[in-house]
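So the sequence shown is numbered by my numbering: it starts at 126 and just counts up by one.
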Amino acid sequence: MNKAAILLANHQSLTVFMPSHGQLAQHACFQNTPDGHRDFLVYLAANHKNHYRLAVDTVDESCIRASIPRLRGTDRRALVQHRIQHAFPPSALTFTTTLGINKAQPPQEELLISGLSQADKLGPWLDTIKLSKICCNGIFTLSQIGPLLLKSLGHDTACCLLLAQCGDVLRQSFLLDGQNLLIRQSPLLKGNAAQMAEQIRQEHTKLRHYLIGQREISRDAVVPSYLIAQREVTANIDATASPQEATWQMLETGETARRLEVSAQMEEGDATAIFLGVLSQKLPGHKFKETRLHQTILQHRIRRTSLAASISIAIIATGLQVYLQHEISHLETLTSVLSSQDPVRQKPLTEANAAALEKWRNLNQQHTAISGQIIDPVARLRQVSQVLTHYPEVEVDEINWQNDAGKPSENTQLRGRILLPESTSARMLIAYQDRLIASFRQAGAATVDLQKSLISTDSSASLAQENSVGDKQARLFALLMRHQPAP
Numbered sequence: 126m127n128k129a130a131i132l133l134a135n136h137q138s139l140t141v142f143m144p145s146h147g148q149l150a151q152h153a154c155f156q157n158t159p160d161g162h163r164d165f166l167v168y169l170a171a172n173h174k175n176h177y178r179l180a181v182d183t184v185d186e187s188c189i190r191a192s193i194p195r196l197r198g199t200d201r202r203a204l205v206q207h208r209i210q211h212a213f214p215p216s217a218l219t220f221t222t223t224l225g226i227n228k229a230q231p232p233q234e235e236l237l238i239s240g241l242s243q244a245d246k247l248g249p250w251l252d253t254i255k256l257s258k259i260c261c262n263g264i265f266t267l268s269q270i271g272p273l274l275l276k277s278l279g280h281d282t283a284c285c286l287l288l289a290q291c292g293d294v295l296r297q298s299f300l301l302d303g304q305n306l307l308i309r310q311s312p313l314l315k316g317n318a319a320q321m322a323e324q325i326r327q328e329h330t331k332l333r334h335y336l337i338g339q340r341e342i343s344r345d346a347v348v349p350s351y352l353i354a355q356r357e358v359t360a361n362i363d364a365t366a367s368p369q370e371a372t373w374q375m376l377e378t379g380e381t382a383r384r385l386e387v388s389a390q391m392e393e394g395d396a397t398a399i400f401l402g403v404l405s406q407k408l409p410g411h412k413f414k415e416t417r418l419h420q421t422i423l424q425h426r427i428r429r430t431s432l433a434a435s436i437s438i439a440i441i442a443t444g445l446q447v448y449l450q451h452e453i454s455h456l457e458t459l460t461s462v463l464s465s466q467d468p469v470r471q472k473p474l475t476e477a478n479a480a481a482l483e484k485w486r487n488l489n490q491q492h493t494a495i496s497g498q499i500i501d502p503v504a505r506l507r508q509v510s511q512v513l514t515h516y517p518e519v520e521v522d523e524i525n526w527q528n529d530a531g532k533p534s535e536n537t538q539l540r541g542r543i544l545l546p547e548s549t550s551a552r553m554l555i556a557y558q559d560r561l562i563a564s565f566r567q568a569g570a571a572t573v574d575l576q577k578s579l580i581s582t583d584s585s586a587s588l589a590q591e592n593s594v595g596d597k598q599a600r601l602f603a604l605l606m607r608h609q610p611a612p
């Protein structure tokens, strides 16, 4: 299974975990200082071929439920943005999840707004990642990985509590329909296993009473509680507590790591290692949207496609040159043999010899033409990248570059999707489509053919996974650019 490297960041430092021999090994650590940022940039430049995911370990994460009138388009987007600005500072990273429609009169849409209120402290790390041009696929918090972890183990996340011992901190989450509705952290005092188990029980009781007070659960509801902790602690939890309080399910860290086939070099019993291992293998359904990381993913796809195209054209050109040189050498030998014969005794050229000489001339001309027509795709794909940086709504799924040997033309094909509001009219779609095509024509002096219109939508990718814009749809497109040499 392919695993991504993990960048674990907090307000003090950033630690890099690299997949090695089936586990995540701690590879480097950098302090949140100007010197640490410079060292981090040098490190990323030396390891730019890896795929990264940024995990954030902070205490400033919160989830807020909100209700808005059932609207669409610009009005809905403005109202959601107003709710976000009211709940979080302008520098916060947020994403919005739709919980459904409350069919009361009038109908209300239930939203869950998740945010990092002190995201500005991560700014230097994000700026460094953008400068390095590595592929960093999103920002995630450890609490976001909790539902994915439980689903991987086959547990129900319809309504449950998740408690995890992460070093000297106890992470607590209330999950409803697979979403974190409440996130808390509390310190764990150092002591023996029995004392730590008692602290966990007390924190669990506080969390349950709080949820009852907020009317999230009823007083007699039986809510499953999952505890991820070291074996000594789970063994001291009294699982025979009142059935109205909880149904405990113990997930010992060592056994859980073996079941998920994940591990990381951390302190024994620290559940953070399990969270990072799951994130290395799978992506949560939601992530904090950050334009700086979106550009790094786009640049990585362009660079990967450029490299593959360069290697392919080099192999094809080398093979053709070897073949042509072999044919030319053979025909030159044949010609020299014919010309070395005694002119008096030499017979007129037969049809076979004349055809061979004509073939030699044609091959020689083709060899000369192909040698001057080997086109480097890097410059062409760089033009594509420059155009797409001005269209942040574009998400590229596939880039294909093709040049048939012996032909002067080259083709570049793009397939992807464009995130536009549902309320966007057909006229606006066509205008956006024309601007995009005109930009490609201006940048590459190419003939651009539209293979699939932007007006078609992909219902399976209705942007719940784009997190911050629930009222948008993925409009698929496919463009083919033909480049002809100047006469």
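Beta carbons are placed, not taken as given, at the ideal position from N, Cα and C, and that holds for glycine.
- Taking 8 Å as the cut-off, the beta carbon of Ile337 is found closer than this to the beta carbon of Arg344.
- Given a length threshold of 3 residues, each whole run of the beta strand (DSSP E) inside the region 535-563 is given here in chain order: 535-546.
- In terms of CA proximity to Cys260, His176 leads the group Ser454, Leu237 and His176.
- Taking 8 Å as the cut-off, the Cβ atoms of Leu401 and Ala180 count as close.
- For the options Gln304, Ser550, Leu256 and Arg202, the alpha carbon positioned closest to that of Ile193 is the one of Arg202.
- In the assembly as shown, Val358 is a buried residue. Its beta-carbon has 16 or more other beta-carbons within 10 Å.
- Here the alpha carbon of His152 sits roughly 44 Å from the alpha carbon of Leu445.
- Annotation: Leu133 is outside any alpha helix (DSSP H); the continuous beta strand (DSSP E) that includes it extends over Ala130 to Ala134.
- The criterion of a C-beta distance shorter than 8 Å is satisfied by Arg195 and Pro232.
- In this structure, Met375 lies near Leu352, with their beta-carbon atoms less than 8 Å apart.
- Ala171 carries a helical assignment under DSSP once its states are collapsed to helix, strand and coil.
- Under the three-state reduction of DSSP output, Asn487 falls in the helix class.
- Inter-segment contact for the region 246-264 and the region 282-291 is absent: fewer than three beta-carbon pairs are separated by less than 8 Å.
- Restricting attention to Leu224, Arg540, Ala563 and Asp574, the CA atom closest to the CA of Phe602 is found in Arg540.
- In its chain, beyond the 5 residues on either side, Ala244 and Asp245 have a beta carbon closer than 7 Å to the beta carbon of Ser216.
- By the Cβ rule, the region 220-230 does not count as touching the region 137-146, because fewer than three pairs are nearer than 8 Å.
- Around the beta carbon of Thr397, 16 or more other beta carbons lie within 10 angstroms, which makes this residue buried.
- Here the alpha carbons of Cys291 and Leu301 stand approximately 22 Å from one another.
- Membership of Leu247 in any alpha helix (DSSP H) is not indicated, and neither H nor E is assigned to it by DSSP.
- Residues of the same chain with a CB within less than 7 Å of the CB of Ile543, apart from the 5 flanking positions on each side, are Glu518, Val519, Leu579, Arg600 and Phe602 in chain order.
- Between Ser311 and Leu295, the beta carbon gap of about 5 Å places them in contact (Cβ cut-off 8 Å).
- Within its own chain, the residues whose Cβ lies closer than 7 Å to the Cβ of Tyr516, once the five positions on either side in sequence are excluded, are Leu561, listed in chain order.
- The Cβ-Cβ distance between Pro409 and Ile270 falls below 8 Å.
- Phe265 is bridged by DSSP to Ala180.
- Distance from the Cα of Lys174 is smallest, within the candidate group Met606, Gln406, Ala130 and Gly316, for Ala130.
- Rounded to whole angstroms, the gap between the alpha carbons of Leu251 and Tyr448 is 50 Å.
- For Ile308, the closest C-alpha among the options Glu341, Asn135 and Glu186 is that of Glu186.
- For Asn317, the number of other beta carbons within 10 angstroms of its own is below 16, and it is reported as exposed.
- A distance below 7 Å between beta-carbons, with the five flanking residues on each side excluded, links Pro214 to the following residues of its chain, in chain order: Ser242.
- When secondary structure is reduced to three states using DSSP, His152 falls in the strand class.
- Of Thr330, Thr219 and Val573, the smallest CA-CA separation from Thr537 is found for Val573.
- Fully enclosed beta strand (DSSP E) runs of no fewer than 3 residues occupy 349-354 and 372-377 of the region 315-392, in order along the chain.
- DSSP places Ile259 outside both helix and strand once states are collapsed to three, so it counts as coil.
- The residue among Pro144, Val512, Leu247 and Arg552 with its C-alpha nearest the C-alpha of Asn157 is Leu247.
- Phe165 sits away from Thr219, with the two beta carbons spaced by 8 Å or more.
- DSSP, read as helix, strand or coil, puts His207 in helix.
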